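Trainee:
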């Protein structure tokens with residue numbers, strides 16, 4: 236199962252805790268990429284956030300990984316389930 240996650244920081248929550256959470260995101264993302272759970276990570280230009288593509292085995296796994304993201308409590312998320320596009324036979 237693949238999901239596109241667009242996340243944007245809630246700047247109204249700016250605090251030292253939020254800054255630490257943002258600083259922890261690269262390491263968290265790199266670990267998930269090594270494990271094959273995140274296929275790609277992008278910065279959204281002109282935004283305080285990013286776009287990640289998750290590849291997971293279940294909805295439950297996806298929710299667990301998203302909930303463990305360091306910025307989870309400081310960001311707004313838009314989640315899109317992705318489906319493969321195959322050429323017609």
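In the working numbering, the protein residues as written are 236 to 324.
Beta carbons: idealized from backbone N, C-alpha and C, even for Gly.
If you're wondering where the values come from, they're calculated on a predicted model, not measured in any experiment.
1. Identify the continuous beta strand (DSSP E) that holds residue 273 and give its terminal residues.
2. Sort 323, 305 and 315 by Cα distance to residue 256 and report the nearest one.
3. At the level of alpha carbons, what is the spacing between residue 236 and residue 253?
4. Out of 285, 284 and 316, state which residue places its alpha-carbon closest to the alpha-carbon of residue 298.
5. Could you name the residues that DSSP lists as bridge partners for residue 240?
6. Quick check on the burial criterion: 16 or more other C-beta atoms within 10 angstroms. Buried or exposed for residue 240?
7. Would you mind giving the Cβ-Cβ distance between residue 267 and residue 309, rounded to the nearest angstrom? I have them listed as a contact below 8 angstroms.
Mentor: Short version:
1. As a position in the chain shown, residue 273 is number 38, starting the count at 1. Per DSSP, residue 273 belongs to the beta strand (DSSP E) from 273-278.
2. Position 21 of the chain shown, counting from 1, holds the residue named residue 256. Among 323, 305 and 315, the Cα nearest to that of residue 256 is on 305.
3. Counted from its first residue, the chain shown places residue 236 at position 1. Counted from its first residue, the chain shown places residue 253 at position 18. Between residue 236 and residue 253, the C-alpha separation is close to 30 angstroms.
4. Residue numbering aside, residue 298 sits at position 63 when the chain shown is read from its first letter. Residue 316 is the option with its Cα nearest to residue 298.
5. By one-based count along the chain shown, residue 240 stands at place 5. Paired residue(s): 287 and 314.
6. Numbered from its first residue, the chain shown carries residue 240 at position 5. Residue 240 should be labelled buried.
7. Indexing the chain shown from 1 puts residue 267 at position 32. Indexing the chain shown from 1 puts residue 309 at position 74. Between residue 309 and residue 267 the Cβ distance is about 18 angstroms, and since that is not below 8 angstroms, they are no contact.
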